[in-house]
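Colleague: Quick note, the sequences are listed as chains A and B, same order.
1 is the number of the first residue of the first sequence in this note's numbering; add one for each residue after it.
1001 is the number of the first residue of the second sequence in this note's numbering; add one for each residue after it.
Here a beta-carbon is modelled for each residue, glycine too, at the ideal position from N, C-alpha and C.
Sharing a structure below in structure tokens format, with a few things to ask.
There are 2 protein chains.
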Amino acid sequence: MTPLVFNLDSDPDLGSRLCRALGAEAGELEQRHFPDGESYLRVHSTVHNRDCVIFCNLFQPDRRILRLLFLADTLRELGATRIGLITPYLPYMRQDKRFHAGECVSSRPFARLLSNAFDLLVTVDPHLHRYHSLDEIYSLKSQVVPAAPMIARWISEHIERPLLIGPDSESEQWVSQVAKLANAPWQILSKQRHGDYQVEVSLPRLERWQQHTPVLVDDIISSGRTMLETLDHLQSAGLPRACVIAVHGLFAGDAWQRLSAIADVISCESVPHPSNRISLSAPLAAAMGALLAADPSP
Amino acid sequence: MTPLVFNLDSDPDLGSRLCRALGAEAGELEQRHFPDGESYLRVHSTVHNRDCVIFCNLFQPDRRILRLLFLADTLRELGATRIGLITPYLPYMRQDKRFHAGECVSSRPFARLLSNAFDLLVTVDPHLHRYHSLDEIYSLKSQVVPAAPMIARWISEHIERPLLIGPDSESEQWVSQVAKLANAPWQILSKQRHGDYQVEVSLPRLERWQQHTPVLVDDIISSGRTMLETLDHLQSAGLPRACVIAVHGLFAGDAWQRLSAIADVISCESVPHPSNRISLSAPLAAAMGALLAADPSP
Chain A
1 MTPLVFNLDS DPDLGSRLCR ALGAEAGELE QRHFPDGESY LRVHSTVHNR
51 DCVIFCNLFQ PDRRILRLLF LADTLRELGA TRIGLITPYL PYMRQDKRFH
101 AGECVSSRPF ARLLSNAFDL LVTVDPHLHR YHSLDEIYSL KSQVVPAAPM
151 IARWISEHIE RPLLIGPDSE SEQWVSQVAK LANAPWQILS KQRHGDYQVE
201 VSLPRLERWQ QHTPVLVDDI ISSGRTMLET LDHLQSAGLP RACVIAVHGL
251 FAGDAWQRLS AIADVISCES VPHPSNRISL SAPLAAAMGA LLAADPSP
Chain B
1001 MTPLVFNLDS DPDLGSRLCR ALGAEAGELE QRHFPDGESY LRVHSTVHNR
1051 DCVIFCNLFQ PDRRILRLLF LADTLRELGA TRIGLITPYL PYMRQDKRFH
1101 AGECVSSRPF ARLLSNAFDL LVTVDPHLHR YHSLDEIYSL KSQVVPAAPM
1151 IARWISEHIE RPLLIGPDSE SEQWVSQVAK LANAPWQILS KQRHGDYQVE
1201 VSLPRLERWQ QHTPVLVDDI ISSGRTMLET LDHLQSAGLP RACVIAVHGL
1251 FAGDAWQRLS AIADVISCES VPHPSNRISL SAPLAAAMGA LLAADPSP
């Protein structure tokens, strides 16, 4: 039977493209808040014996998580066969180690919450640094969509002589992958972080790239400090105006204003933002389709 | 060993009185938000082999729940013996039935989340209407603090000839209890709810109570519509200015302004609010102390 896709508080346009690409039916959901702020949810579609997919974009996850868990639980109670989650951005992946005694390694309890609620998970380039795979902390079936092919295609189509630049060693693995796919040269810089907003970046010699457009690529842009520091250095080195590309453009605080003042800023449509240029609907739907097909429902 | 009490985003004054009354040590907690809004938590106290109690007041629960679960999980990982929760207000108890097909019966998934995270729970007068006990949905050890004795004492001390009034049949059981403890007469009204903000109240004959101060008591005041409707009728019947007492004064929207314009509004300190007059620290601490003593840690 055709699966259902429920859009929970997320981009309606991406939601309906996901639904079409999956050949699914749009699930009907009613939600409101009680006067005291508690959430009310009601599923109007018939979900019994059907696969259900929730599209919920989990940026700013603290204020979304409870309703998401409530919806998954309700679908389960109403007899859904399997329950999948599509979240282009998977939060809390960066706290992947107890850096200091007593810290919450939030990636782990967050993974348990989602794993208890869902059978299937599709996301785009989760921040896998110390974990090698989602399976280390998630106990559900997951599929990761790599943004590199879409980013590489965008670069090939829009930038004449790109020089790809990764802001730190964590980005090397997949900046090099984008560069290879775009058939472009690349450089990795070294970064020292002194706090949430304090970042120092060191650059290799850049003289030989003066005829190239620097293309800075990172998985997550949050405060934007790493990018801003890097852009400063590129300007000093006399390189042309840079292009900044994020898979997940969170753009906290004034990051967007400051970055777009000195560079062309582009993002995948992982987090809804005016900078969204790179579509993710096709690979997200394909990944969820593959998970649903791998172990078909009765 | 002395238990630790951690105050998570809750009233610091009530928190320290709880800590003193429990003979506990104040747990040291560091928290902030990353620039993208995700939560950072760090426990500075040594919790290994110690009982830990989190005081987290769960009104407006959606924006508090994730940090609460993260903290409980962190204490567990750090080796806490048992983890208790003191929340004067226990949310999501009113959605205790699937009133319409497809509705989320949120009391159940919410109970599961807390039951997975905690060993012990203390709360004040949870809204037990269709459930007879928290044990029907909570699988942890819980103790319920009744507010009736504290409310009855406050009435005895402050109101000369009180007539206790319960706004609907759900309130009868414990309005009658308050009345008996305060040695005062009582009346229960009948209520018809037509929506979150639309309520109709019917009153018995009130002429014989013209020399009494009406004291309206309810467990939860949210939109305040039930109380406002009732106060209108009491005014029409020529009764003196009423006193309104809530165990949990949520006072959504303009409820507080509208109620306090026509009545003296009093609440237990369950939800921090200017109307708080009735202290809960002693019975809350006693209840948690009893749970901790019942099955002492090694």
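Take Met1001 (chain B) and list the residues in its own chain whose beta-carbon comes closer than 6 angstroms to its own, dropping the five residues that flank it on each side.
Modeller: If you number the second sequence from 1, residue 1001 (chain B) lands on position 1. Excluding sequence neighbours, Met1001 (chain B) sits near Arg1050.
Colleague: Contact criterion: CB-CB distance below 8 angstroms. Does Arg1067 (chain B) meet it with respect to chain A?
Modeller: Along the second sequence, read from residue 1 onward, the residue named residue 1067 (chain B) stands at position 67. With 8 angstroms as the cut-off, Arg1067 (chain B) counts as an interface residue toward chain A.
Colleague: So which residues on chain A does Ala1252 (chain B) lean against when the C-beta distance must stay under 9 angstroms?
Modeller: On the second sequence, position 252 is the one that residue 1252 (chain B) refers to. Here the neighbours are Phe34, Pro35, Asp36, Gly37.
Colleague: Distance cutoff 8 angstroms, beta carbons only. Does Ser171 (chain A) sit that close to anything in chain B?
Modeller: If you number the first sequence from 1, residue 171 (chain A) lands on position 171. Not one chain B Cβ lies under 8 angstroms of Ser171 (chain A).
Colleague: Taking the straight line between their C-alpha atoms, what separation do you get for Pro214 (chain A) and Ala148 (chain A)?
Modeller: Here residue 214 (chain A) is taken as the residue at index 214 of the first sequence, counted from 1. Here residue 148 (chain A) is taken as the residue at index 148 of the first sequence, counted from 1. Near 17 angstroms, if we compare the C-alpha coordinates of Ala148 (chain A) and Pro214 (chain A).
Colleague: Measure the beta-carbon distance from Leu71 (chain A) to Leu8 (chain A) and round it to whole angstroms, keeping in mind my assumption that it falls under 8 angstroms.
Modeller: Here residue 71 (chain A) refers to the residue found at position 71 of the first sequence. Here residue 8 (chain A) refers to the residue found at position 8 of the first sequence. So it is a contact: roughly 6 angstroms between Cβ atoms.
Colleague: At a Cβ threshold of 8 angstroms, is Cys1056 (chain B) touching chain A?
Modeller: For the purposes of this step, residue 1056 (chain B) is taken as the residue at position 56 of the second sequence. It does not: the Cβ of Cys1056 (chain B) has no partner Cβ on chain A nearer than 8 angstroms.
Colleague: At a CB-CB cut-off below 8 angstroms, which residues of chain A make contact with Ser1222 (chain B)?
Modeller: By one-based count along the second sequence, residue 1222 (chain B) stands at place 222. Here the neighbours are Phe34, Pro35, Asp36.
Colleague: For the beta strand (DSSP E) that Glu1000 (chain B) lies in, which residues bound it at each end?
Modeller: Here chain B has residues from 1001 to 1298 only, and residue 1000 (chain B) is not among them.
Colleague: If you drop the 5 nearest sequence neighbours on each side, which residues of the same chain put their C-beta closer than 6 angstroms to that of Glu28 (chain A)?
Modeller: As a working note, residue 28 (chain A) is residue 28 in the first sequence. Hits under 6 angstroms: His44, Ser45.
Colleague: If you draw a straight line from the C-alpha of Ala26 (chain A) to the C-alpha of Phe55 (chain A), how long is it?
Modeller: The count along the first sequence starts at 1 and reaches residue 26 (chain A) at position 26. The count along the first sequence starts at 1 and reaches residue 55 (chain A) at position 55. Rounded to whole angstroms, Ala26 (chain A) to Phe55 (chain A) spans 11 angstroms at the Cα level.
Colleague: Considering only the alpha carbon of each residue, which of A:Arg153, A:Asp125, A:Ser260 lies closest to Glu170 (chain A)?
Modeller: Position 170 of the first sequence, counting from 1, holds the residue named residue 170 (chain A). Of the listed residues, the one whose Cα sits closest to Glu170 (chain A) is A:Asp125.
Colleague: Are the region 1278-1286 of chain B and the region 1090-1102 of chain B touching by the rule of at least three beta carbon pairs closer than 8 angstroms?
Modeller: no
Colleague: Hey, is the region 1208-1228 of chain B in contact with the region 1253-1262 of chain B, meaning 3+ C-beta pairs nearer than 8 angstroms?
Modeller: Judged by pairs of C-beta atoms under 8 angstroms, the region 1208-1228 of chain B touches the region 1253-1262 of chain B, as three or more such pairs exist.
Colleague: Check Gln210 (chain A) in the structure and name its three-state DSSP category.
Modeller: Here residue 210 (chain A) refers to the residue found at position 210 of the first sequence. Coil, per DSSP.
Colleague: If you draw a straight line from the C-alpha of Pro274 (chain A) to the C-alpha of Phe251 (chain A), how long is it?
Modeller: For the purposes of this step, residue 274 (chain A) is identified with residue 274 of the first sequence, where counting begins at 1. For the purposes of this step, residue 251 (chain A) is identified with residue 251 of the first sequence, where counting begins at 1. Using only the alpha carbons, I get a separation of about 11 angstroms.
Colleague: Run through chain A and tell me which residues come within less than 7 angstroms of Ser1139 (chain B), C-beta to C-beta.
Modeller: Counting from one through the second sequence, the residue named residue 1139 (chain B) turns up at place 139. Near Ser1139 (chain B) there are no residues of chain A at all, since even the closest Cβ is about 14 angstroms away, more than 7 angstroms.
Colleague: Below 7 angstroms on C-beta distance, what does Pro109 (chain A) contact in chain B?
Modeller: Numbered from its first residue, the first sequence carries residue 109 (chain A) at position 109. Neighbours of Pro109 (chain A) on chain B, chain order: Leu1069, Phe1070, Asp1073.
Colleague: Could you name the residues of chain A that Cys1268 (chain B) contacts, counting a contact when the two beta carbons are closer than 7 angstroms?
Modeller: Along the second sequence, read from residue 1 onward, the residue named residue 1268 (chain B) stands at position 268. The contacting residues do not exist; Cys1268 (chain B) stays about 16 angstroms from chain A at best.
Colleague: Do Pro1162 (chain B) and Ile1155 (chain B) have their CB atoms nearer than 8 angstroms?
Modeller: What you label residue 1162 (chain B) is simply residue 162 of the second sequence in a count that begins at 1. What you label residue 1155 (chain B) is simply residue 155 of the second sequence in a count that begins at 1. Yes.
Colleague: In three-state DSSP terms, what is Asn1007 (chain B)?
Modeller: The residue given as residue 1007 (chain B) occupies position 7 in the second sequence. Correct three-state label for Asn1007 (chain B): strand.
Colleague: Classify Leu1164 (chain B) as helix, strand or coil using the three-state DSSP reduction.
Modeller: Taking the first residue of the second sequence as 1, we reach residue 1164 (chain B) at position 164. Reduced to three states, the DSSP call for Leu1164 (chain B) is strand.
Colleague: Going straight from the alpha carbon of Ser1267 (chain B) to that of Leu1206 (chain B), what length do you get?
Modeller: The count along the second sequence starts at 1 and reaches residue 1267 (chain B) at position 267. The count along the second sequence starts at 1 and reaches residue 1206 (chain B) at position 206. Spanning the two alpha carbons is a distance of roughly 25 angstroms.
Colleague: Are the region 1035-1043 of chain B and the region 103-110 of chain A in contact at 8 angstroms, needing three or more beta carbon pairs?
Modeller: yes
Colleague: For a contact meaning CB atoms closer than 9 angstroms, what does Gln1060 (chain B) contact in chain A?
Modeller: Position 60 of the second sequence, counting from 1, holds the residue named residue 1060 (chain B). Ordered by position in chain A, the residues that pass the 9 angstroms Cβ test against Gln1060 (chain B) are Asp36, Gly37, Glu38.
Colleague: What residues of chain B sit near Leu90 (chain A), judged by a beta carbon separation below 9 angstroms?
Modeller: Indexing the first sequence from 1 puts residue 90 (chain A) at position 90. Per Cβ cutoff of 9 angstroms: no residues; Leu90 (chain A) is ~11 angstroms from chain B at best.
Colleague: Among residues of its own chain, excluding the 5 on either side of Ser1067 (chain B), which ones have a beta-carbon nearer than 6 angstroms to its beta-carbon?
Modeller: For this step, residue 1067 (chain B) is matched to residue 67 along the second sequence. Here the sequence assigns Arg to residue 1067 (chain B), which means Ser is not the residue at that position. So the list reads Ser1039, once near-sequence residues are dropped.
Colleague: Return the residue from the list B:Asp1254, B:Thr1074, B:Val1144, B:Pro1003 that minimises the CA-CA distance to Gln1031 (chain B).
Modeller: To locate residue 1031 (chain B), count along the second sequence from 1; it is residue 31. Considering only alpha carbons, the answer is B:Thr1074.
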